[in-house]
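There are 2 protein chains.
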Amino acid sequence: MIRYYNALILMPDQSLLNGELVTDGSVISYIGKEKKEGLTFEREINLNGNLIIPAFKNAHTHSAMTFLRSYADDLPLNEWLFNKVFPLEAKLTADDIYLFTKIAVLEYLTSGISTSFDMYFEPEAYVQANTEYGFRTVLCGAVSGEAKNAEKLEKRYNKFNGISPLISYKLGFHAEYTASEELLDAVGALAKKYKAPVFMHNSETESETENCIKKYGKTPTALFESKGIFDYGGGGFHCVYLNDNDMDIFVKRGLFAVTCPASNAKLASGIAPLTRMMKKGVKIAMGTDGPASNNCLDMFREMFLATALQKIAQKDASALDGAEVLKMATSNGALALGLDSCDVLAVGKQADLAVIDMSAPNMQPVSNVVKNIVYSGSKSNIKMTVVAGRILFENGVFNINDDIEKLYHDANVRKEEIIRS
Amino acid sequence: MIRYYNALILMPDQSLLNGELVTDGSVISYIGKEKKEGLTFEREINLNGNLIIPAFKNAHTHSAMTFLRSYADDLPLNEWLFNKVFPLEAKLTADDIYLFTKIAVLEYLTSGISTSFDMYFEPEAYVQANTEYGFRTVLCGAVSGEAKNAEKLEKRYNKFNGISPLISYKLGFHAEYTASEELLDAVGALAKKYKAPVFMHNSETESETENCIKKYGKTPTALFESKGIFDYGGGGFHCVYLNDNDMDIFVKRGLFAVTCPASNAKLASGIAPLTRMMKKGVKIAMGTDGPASNNCLDMFREMFLATALQKIAQKDASALDGAEVLKMATSNGALALGLDSCDVLAVGKQADLAVIDMSAPNMQPVSNVVKNIVYSGSKSNIKMTVVAGRILFENGVFNINDDIEKLYHDANVRKEEIIRS
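Note that the protein sequences, when read in sequence, are chains G and X. Per the working numbering, residue 1 is the first one in the first sequence, and the count goes up by one each step. Per the working numbering, residue 1001 is the first one in the second sequence, and the count goes up by one each step.
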């Protein structure tokens, strides 16, 4: 058991409790104003008034793409994707994905993120990286092309679900524009067979959406709905070009729109209509997207951008309240990923926590803690990141059994080999 | 003398040198690949491959507004300004400004900022706060209203210039919409008398710009130009609604447009036309604006936003190259503030430095250091901030002779008193 005392605790209703929190193994076993007597602790940590929040959930990413960080910025989207990203990705081995995923996990930990919803190939490699580091990850199927690839998806779905308490797997495919219609049918059949939610890139760019309408006479969302893909929920990544009918489908099916504002800005994809979605009741989670298109894995940046871009797009400084944004980045993320036990701080929930340094000047003076997190918070405020009760990052130091200097060295060597080969 | 060795050094042309840098008092006395022999150092610091850059220059801020941080977010602009900001500002004493400015200075230091261009009232109080902390600041005149207030401006201009090596003062007034025409004439006369540049809020919002055109038949920029205010240069803060003729005036007079993207987004003011300005040759610097409208004082956030918003506005992922953005936040900021000796790392220049942690995972692997700073850098990467040769912030600790816990306590007490009185 670990006791965190002298803490400010962000409760499920966003109120604050001055008190303490106890973790027992992977679970939160106590939250209260007073010390709980009669317990034996392996460690007691005086938080000196610092704030415990549910850790951030990065609801869309491609972790291993750290290898392309700052390799090809400031390029038009198509040149970036077809001339830089795809040819280099094709050279990646499973070992590379293992290596580059680890760097992303370290970065998540510095940013108070406990969980990624990770879409990439070679899932064995990224399961290994995440498991070794003790990080929680939900793998998202990433198949594309022919219908028979749905078999691979089904095999992985059965292989990885239940493989470890920290790993789960969701049905998913890359996107409409990389899938045959037969694959969409096959994925719809899997959704029904397993009564399972399905996720994919959806309406990220205007041209993707328009081309889908040209091809099928339907938006991607309406197409997927017609294939039964959303019969048991799920959601879409990006959702920049959802129309009102799409949003109605999202509401009807309880789907999550995972917004990735930094990626959508950096790649000039656009601004997702979050304000409109919220009015209609669409559930919104938040992701960084991969480090090639962002370039950092920082939920503070995503949170500020999400609301800032709505304020600009709506010409209304009151658009998208910061308190809602924090929910998107924490509890909604957990619910989108099917991690109902990781959404808030409460007894019996998983101990996936971040500790925010309130003694940093960007948090002072304090008028509204929640708004401070969203509007002035930064990675530099993360004092601790705890995943399933284990403190993996504390005061700038990783509690991970690995040679991080060697990891960086190897990553730089392999990155150069991949680029030059 | 302080020796920084095993360093990566960002040179004036944005190339990188592996080597060392020596400071002698407030000045950079050596940059080279090899150790300079024959010197006696008070301290030798092994940077382990970390990166020295010129510190960021925050070219527009109202530091003391930390007292309103997160007090009134997510409100329409006019409600925020007239019902929240102005009534509370009216209650501030000089002691309050001293107190709240200190918090901002601490925050600047955590963000690698060495210098602020600070517009507020009670300049004696913020000079005192900055001087005690060893921070470099350029005060900007903030007069408004009647013509006779130009006398106060002139008095302060003569009082504060030369008062300390770390303090200077620029002619300035709040904005067109808070100035009488007679005051504008009087400021124009001062510009001529002292052959001095002049700064002000300029074209921050659409309504400000339109109202000026209604009143004077001219944009703010054209109005100021007609009054001789720009005869010796200067610039404007925000510049969201500059038209082509305004930009031509900026180019002709060598004016700096100081962009504040986070504030312009959060207050729904709009996106400054930086891409168009750059094509025309307008010089651009960058600021955070005050913490009531931002809410944090973080040049990393400003840099990413500046380019991200251009990419969205232009629908072009290649808009506003990250390398240009870094110049705006560093060398252009120094030049805008008249600090020609603080712009780049070179022998004889002032030692205003920031050290960036390259061993943090968000900087790995390394393909392009400059792009990494702009696209994936964060406050959490600031290992050191050095102002005029003095290391004021190092590894999370302030090298400042003050009781910071008491400072926060006092600031919270006064903030509450101001709000409740």
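Think of the CB as a built atom: it goes at the ideal place given N, C-alpha and C, for glycine as much as any other residue. Just so we're clear, the structure is a prediction, and the values are computed from it rather than from any experiment.
request  = Evaluate contact between the stretch 318-329 of chain G and the stretch 371-379 of chain G, counting only Cβ atoms and requiring at least three cross-stretch pairs below 8 Å.
outcome  = yes
request  = Check whether the Cβ of Q1364 (chain X) lies closer than 8 Å to any Cβ atom in chain G.
outcome  = Along the second sequence, read from residue 1 onward, the residue named residue 1364 (chain X) stands at position 364. Cβ-Cβ to chain G under 8 Å: yes for Q1364 (chain X).
query = Helix, strand or coil: how does DSSP classify G1134 (chain X) here?
reply = Counted from its first residue, the second sequence places residue 1134 (chain X) at position 134. Coil at G1134 (chain X), not helix or strand.
ask   = Below 8 Å, can you find three or more Cβ-Cβ pairs linking the stretch 1192-1204 of chain X to the stretch 1230-1240 of chain X?
value = yes
query = At a CB-CB cut-off below 7 Å, which residues of chain X make contact with P361 (chain G)?
reply = Taking the first sequence and counting its residues from 1, one reaches residue 361 (chain G) at position 361. Simply I1103, L1106, E1107 and T1110.
ask   = Which one of X:P1165, X:N1158, X:D1403 and X:T1209 has the shortest CA to CA distance from L1190 (chain X)?
value = Here residue 1190 (chain X) corresponds to residue number 190 of the second sequence, with the count starting at 1. Of the listed residues, the one whose Cα sits closest to L1190 (chain X) is X:N1158.
key: Closer than 8 Å to chain X by CB, P76 (chain G)   = One-based indexing of the first sequence puts residue 76 (chain G) at position 76. At least one chain X Cβ lies under 8 Å of P76 (chain G).
request  = For the beta strand (DSSP E) holding A346 (chain G), just list the boundary residues, first then last.
outcome  = Here the question's residue 346 (chain G) lines up with position 346 in the first sequence. Here A346 (chain G) belongs to no beta strand (DSSP E), and DSSP marks it neither H nor E.
message = Pairs of beta-carbons, one from the stretch 1084-1101 of chain X and one from the stretch 1255-1271 of chain X, closer than 8 Å: are there three or more?
response = no
request  = Give a yes or no on whether 8 Å exceeds the smallest Cβ distance from D73 (chain G) to chain X.
outcome  = In the first sequence, counting from the first residue as 1, residue 73 (chain G) sits at position 73. So, interface residue.
key: Contact set between C1260 (chain X) and chain G, taken where Cβ atoms lie within less than 9 Å   = Locating residue 1260 (chain X) in the second sequence gives position 260, counting from the first residue. Ordered by position in chain G, no residue passes the 9 Å Cβ test against C1260 (chain X), which lies about 12 Å from the chain.
inquiry  = Strictly below 7 Å CB to CB, what residues from chain C border D1403 (chain X)?
reply    = No chain C appears in the structure shown, which is made up of the protein chains G and X.
ask   = What does a CB cutoff of less than 7 Å around A360 (chain G) pick up in its chain, not counting 5 residues either side in sequence?
value = Counting from 1 along the first sequence, the entry for residue 360 (chain G) is found at position 360. Cβ within range, chain order: S380 and N381.
Contact set between the stretch 265-293 of chain G and chain X, restricted to residues whose Cβ is under 8 Å from the partner = A265, K266, L267, A268, G270, I271 and P291
task = Please report the residue range of the beta strand (DSSP E) in which V1325 (chain X) lies.
result = Counting from 1 along the second sequence, the entry for residue 1325 (chain X) is found at position 325. Not the beta strand (DSSP E): V1325 (chain X) falls in the alpha helix (DSSP H), residues G1322 to A1329.
ask   = Since F398 (chain G) sits in a beta bridge, which residues does DSSP pair it with?
value = For the purposes of this step, residue 398 (chain G) is taken as the residue at position 398 of the first sequence. Answer is G:F393.
key: Burial state of R3 (chain G) (16 or more Cβ within 10 Å)   = Position 3 of the first sequence holds residue 3 (chain G). Buried is the call here.
query = Which residues bound the alpha helix (DSSP H) around T93 (chain G)?
reply = As a first step, residue 93 (chain G) is located in the first sequence; it is residue number 93 there, counting from the start. No alpha helix (DSSP H) holds T93 (chain G); DSSP gives it neither H nor E.
query = Is the shortest distance between the beta-carbon of D321 (chain G) and the beta-carbons of chain X less than 8 Å?
reply = Taking the first residue of the first sequence as 1, we reach residue 321 (chain G) at position 321. Interface residue, yes.
inquiry  = Helix, strand or coil, according to DSSP, for V1240 (chain X) in the structure here?
reply    = Translated into the one-based positions of the second sequence, residue 1240 (chain X) becomes position 240. Three-state result, V1240 (chain X): coil.
message = Here's a check: name, in chain order, each residue in its chain whose Cβ is nearer than 8 Å to the Cβ of G1270 (chain X), leaving out the five neighbours to either side.
response = By 1-based counting over the second sequence, the position of residue 1270 (chain X) is 270. Hits under 8 Å: T1205, E1206, V1240, Y1241 and N1264.
request  = Under 7 Å Cβ to Cβ from E154 (chain G), same chain only, skipping five residues before and after it: list those, please.
outcome  = Here residue 154 (chain G) refers to the residue found at position 154 when the first sequence is read from its first residue. Taken in chain order, the residues that qualify are L190.
query = What whole-angstrom Cβ distance do A285 (chain G) and F56 (chain G) have, given they're in contact under 8 Å?
reply = As a position in the first sequence, residue 285 (chain G) is number 285, starting the count at 1. As a position in the first sequence, residue 56 (chain G) is number 56, starting the count at 1. Incorrect: roughly 11 Å between the Cβ atoms, too far for contact.
Pick from G:L139, G:T219, G:A129 and G:A268 that is closest to V198 (chain G), judged by C-alpha positions = Position 198 of the first sequence, counted from the first residue, corresponds to residue 198 (chain G). Taking only the C-alpha atoms, the option nearest V198 (chain G) is G:L139.
inquiry  = My output table needs one value for Q1310 (chain X): the three-state DSSP class, helix, strand or coil.
reply    = By 1-based counting over the second sequence, the position of residue 1310 (chain X) is 310. Reduced to three states, the DSSP call for Q1310 (chain X) is helix.
task = Quick one: residues in its chain with C-beta nearer than 6 Å to the C-beta of K349 (chain G), no 5 flanking neighbours on either side, listed in chain order?
result = Sequence index remark: in the first sequence, residue 349 (chain G) carries index 349 (1-based). Contacts found: I28 and S341.
inquiry  = Suppose the cutoff is 8 Å on Cβ atoms and the five residues either side in sequence are ignored; what does the same chain contact list for Y1177 (chain X) look like?
reply    = Taking the first residue of the second sequence as position 1, residue 1177 (chain X) is located at position 177. So the qualifying residues of the chain are E1208, N1211 and C1212.
message = By the DSSP assignment, the beta strand (DSSP E) with N1058 (chain X) in it spans what residues?
response = Residue mapping note: residue 1058 (chain X) aligns to position 58 of the second sequence, counting from 1. N1058 (chain X) -> beta strand (DSSP E) spans F1056 to T1061.
query = Does the beta carbon of N1368 (chain X) come closer than 8 Å to any beta carbon on chain G?
reply = On the second sequence, position 368 is the one that residue 1368 (chain X) refers to. Yes, N1368 (chain X) lies at the interface with chain G (some Cβ there is under 8 Å from its Cβ).
query = Are the C-beta atoms of K379 (chain G) and some chain X residue less than 8 Å apart?
reply = On the first sequence, residue 379 (chain G) is found 379 positions in, with the first residue counted as 1. Yes, contact with chain X.
ask   = Does R1136 (chain X) have its Cβ less than 8 Å from a Cβ in chain G?
value = Here residue 1136 (chain X) refers to the residue found at position 136 when the second sequence is read from its first residue. It does not: the Cβ of R1136 (chain X) has no partner Cβ on chain G nearer than 8 Å.
ask   = Which residue from X:L1109, X:A1411, X:S1226 and X:H1409 puts its Cα closest to that of E1394 (chain X)?
value = Numbered from its first residue, the second sequence carries residue 1394 (chain X) at position 394. Residue X:L1109 is the option with its Cα nearest to E1394 (chain X).
message = So, with DSSP's three-state summary, where would you put K383 (chain G)?
response = Numbered from 1 along the first sequence, position 383 holds the residue referred to as residue 383 (chain G). The answer is strand: DSSP assigns K383 (chain G) an E or B state.
Stretch pair the stretch 274-289 of chain G + the stretch 1245-1253 of chain X: three plus CB contacts closer than 8 Å = no
ask   = Name the chain X residues whose beta carbon is nearer than 8 Å to that of C296 (chain G)?
value = For the purposes of this step, residue 296 (chain G) is taken as the residue at position 296 of the first sequence. Correct list: N1362, Y1375, S1376, G1377 and S1378.
request  = Taking the CB atoms as reference points, tell me whether N1006 (chain X) and N1046 (chain X) lie closer together than 8 Å.
outcome  = Position 6 of the second sequence holds residue 1006 (chain X). Position 46 of the second sequence holds residue 1046 (chain X). Taking 8 Å as the Cβ cut-off, N1006 (chain X) and N1046 (chain X) qualify as a contacting pair.
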